[in-house]
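Those letters in the sequence shown? Residues 1 to 619, per UniProt numbering, in order. Reading through the structure tokens given below for one structure.
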Amino acid sequence: MGESKDSVAEERPKWDNKVQYLLTCIGFAVGIGNVWRFPYLCQIYGGGAFLIPYLIALVFEGLPLLYLELAIGQRLRKSSIGVWSSISPMLGGVGIASMVVSFLVAMFYNTIIAWVLWYFFNSFQNPLPWSQCPLNESQTAYNTECEKSTPVNYFWYRETLNITPDIESSGSLQWWMVICLATAWSVIYICFIKGMESFGKAVYVTATFPYLVLTIFLIRGLTLPGATDGLVYLFTPDWEILKNPQVWLDAATQIFFSLSVAFGGLISFSSYNAERNDCERDALVVGITNSATSLYASIPIFSILGFKATTAFNSCRQDNILTLTNHFDISDQNITLENYDKWFNYLNLTHSGDMSTLPLKVCDLQNFLDQSASGTGLAFIIFTEAVLEMPGSQVWAVLFFVMLFSLGLSSMFGNIEGVITPLRELKLVPKWVPHEVLSGVVCLLSFLIGLIFTLGSGNYWVEVFNGYVGSVPLLIVAFFEIIGVIYVHGMKKFSEDIYFMTGRKPNIYWKACWMVISPVMLLVVLIAYVAIQATKYPTYPAWNPDYELFPETEMKPYPDWVFGIIVLLIVMPVISIPLVGLYNLIRCGIKKSSVKASPNPYNNEAFEIETEEQRKQRV
């Protein structure tokens, strides 16, 4: 067994240098979610108060899991399939589960990159295409759906997605999205054509460029009017909200998914390291950089959203000033934004009857700040609308979407690595098949299946995959990873492995987390997540122009057949864990039965299954 391990180690490629490895891991961990998901959670969960459960989850759940994956991959020098099969054949299904999750996530994640490309291509137009409503078919008036909502909403839901009113109406393939998706997969293939040799070079750009853009946005955002309001809104702590258990649940899941553990990609990346590499320091660098990036990204994002809210607030007041000036014939009194409150209160006292009949808008800065959103809403609606108010809006739009593209691309490297390398270790692909061909087949297959996301109902399916593929399955995989390393491989042996690699054994903090704290937290989060989901039937927001409250989205329950697909998406990745365990258990039982039927003449005292090495020594 030692010889085979050494031979594998010799054949396995290695990183050009330590910086390349760290950038790849950081690029995989730091993704689009750092820019739109974390700021949103801070905003809705008490601003600075959210950092408390977030940091607790980082220290006791995120970092221990990250360190465990980097260490076990580096020591055994195999991908997710090989690592768990080496520890125990009964755990072989854990690696398969990681591979399936990576494949499913890659399919919908690259659709988001395709959306980014579409916006990037359109960002060179002047004016930006989402800045105004198009004319109707008769060219006599503006499009009704656009006027009811906003030009930004219309460009997203109609011009980009051409979305159907519900998930059951699939619609047709949107040719522009098919082209963007094909382009996204082509870029992935080009970067991955030589495996580590090619994407290892690409990360020098994809993992560092987002920080340059974030810094540019930070400098620009802090100089915009209203930026302070956005930052105060983001970081003002609301300590009462910490009593809500949902806050702790979302903090635990956010740090878990943000670090990209349980996908298998980090295990593969670390397996290309030298055996005596300080993986503990690597885990701390990657984990802390990931969380620091989330905080760093929140500052320019909410500076710009504060600017957008202030602009909308001032525009609302200007409309009211125009209404008041026309009605009361006080144009010579020079009502301005500065003395608006004074005049408004004065007119309320002196002309309360007239004031109550006027179509005045409710102008509340807090309400405009509350209009921030997460996910696609933040990137393709809220932020694109804010960019319209900035001088040189095309430049800022291009920079923003190039940044998102870089973040998404570096994350995709880890997802594809989590698929291709395990396929090799499963021996499902003959050795003579070149890496270029295997990568091409995986990308082509992913593209063809991913065409479902380019239908009119595609956005609804992205929400389904995003909400359920990357949730329960990853929690289950991570739980079995800790159990496999600490209680099957053994804490003592794992400590010796780490001592061999780093020159020091893990301290009490790491041991306590691996043996008790982290698995308990994972179990609690898993049970709480399932319990919360079980209390309500899943629903989704539908963009329906016929809805009576349009342009608000209509919340609809998923049809039964879609709910069945949701259950399948949760079960399908992790079903390999019990199936592979059961298969090996039955296989072991059959071997025992066959040996008992023909006793071993070399051992009459006790029954024992010989390993291949023992058999050779005996013969």
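Backbone N, C-alpha and C fix where the C-beta goes; we use that ideal spot for every residue, glycine too.
Worksheet item: Tell me which same chain residues have a C-beta within less than 7 Å of the C-beta of W15, skipping the five on either side of it?
Response: Y21, G200, Y272 and N273
Worksheet item: Going by the CB atoms, is the gap between W156 and I381 shorter than 7 Å?
Response: yes
Discussion item. For L41 and D250, I'd like the C-alpha separation in whole angstroms.
Written reply: In this model, L41 and D250 are separated by some 8 Å (Cα to Cα).
Worksheet item: If you compare alpha carbons, which of L23, R12, P237 and G27 is closest to S410?
Response: G27
Worksheet item: Which class does M390 belong to by DSSP, given the choice of helix, strand or coil?
Response: Coil, per DSSP.
Fill in: N- and C-terminal bounds of the alpha helix (DSSP H) containing Y547
No alpha helix (DSSP H) holds Y547; DSSP gives it neither H nor E.
Worksheet item: If you draw a straight line from the C-alpha of N126 to the C-alpha of P578, how long is it?
Response: 57 Å
Practice prompt. List the residues that DSSP assigns as beta-bridge partners of M555.
Written response: P541
Discussion item. I'd like the list of long-range same chain contacts for W185, defined as Cβ closer than 7 Å, with 5 residues on each side in sequence excluded.
Written reply: N110, C443, S446 and F447
Worksheet item: Per DSSP, which one or two residues make a beta bridge with L135?
Response: Y142
Practice prompt. Evaluate K78 with the Cβ neighbour count: other Cβ atoms within 10 Å of its Cβ, from every protein chain shown; 16 or more gives buried, anything less gives exposed.
Written response: Flag for K78 reads buried.
Discussion item. Using only the alpha-carbon positions, how far apart do N162 and S169 sit?
Written reply: 12 Å
Discussion item. In this structure, how does DSSP classify I241 when only helix, strand and coil are distinguished?
Written reply: helix
Practice prompt. Verify whether the separation of the beta carbon atoms of A252 and A478 is less than 7 Å.
Written response: no
Fill in: For Y189 and G456, believed in contact at Cβ under 8 Å, the rounded distance
That pair is no contact at about 27 Å.
Discussion item. To the nearest angstrom, how far is the alpha carbon of L369 from that of V580?
Written reply: 51 Å
Worksheet item: What are the boundary residues of the alpha helix (DSSP H) that L218 is part of?
Response: For L218, the enclosing alpha helix (DSSP H) has its first and last residue at F209 to L222.
Worksheet item: If we call anything under 7 Å between Cβ atoms a contact, is P53 one with W248?
Response: The Cβ-Cβ distance between P53 and W248 falls below 7 Å.
Discussion item. Taking only three categories from DSSP, how would you classify L66?
Written reply: Here L66 carries a helix assignment [DSSP, helix/strand/coil].
Worksheet item: Among the residues of its own chain, which have a CB less than 6 Å from the CB of L91, if the five just before and after it don't count?
Response: The answer, listed in chain order, is W84 and G484.
Worksheet item: Where does Y602 fall in DSSP's three states?
Response: Residue confidence for Y602 is low, a pLDDT of 44 falling below 50, so the modelled location carries little weight and cannot support an answer.
Worksheet item: Taking Cβ positions, are S198 and T421 nearer each other than 7 Å?
Response: Cβ atoms of S198 and T421: not closer than 7 Å.
Worksheet entry | Simplified DSSP state of A262, which is helix, strand or coil | coil
Discussion item. Which residue marks the beginning of the alpha helix (DSSP H) containing V116, and which one marks its end?
Written reply: G92 to N122
Fill in: Inter-residue Cα distance where the pair is G418 and G265
4 Å
Worksheet entry | Cβ-based burial, I304 [other Cβ within 10 Å; buried from 16] | buried
Worksheet item: Taking buried to mean at least 16 other C-beta atoms within 10 Å of its own C-beta, is Y45 buried or exposed?
Response: buried
Worksheet item: Between the C-alpha atoms of D166 and T553, what's the straight-line distance to the nearest angstrom?
Response: D166 and T553 have their C-alpha atoms roughly 11 Å apart.
Worksheet item: For Q246, does the count of other Cβ atoms within 10 angstroms reach 16, so buried, or fall short, so exposed?
Response: That one is exposed.
Practice prompt. Have a look at K556 and P538 and give me their C-alpha separation to the nearest angstrom.
Written response: Approximately 9 Å, taken between the alpha carbons.
Worksheet item: Beta-carbon separation of V152 and E436 under 7 Å?
Response: no
Discussion item. Measuring alpha carbon to alpha carbon, tell me which residue in W176, A182, L128 and G33 is nearest I449.
Written reply: A182
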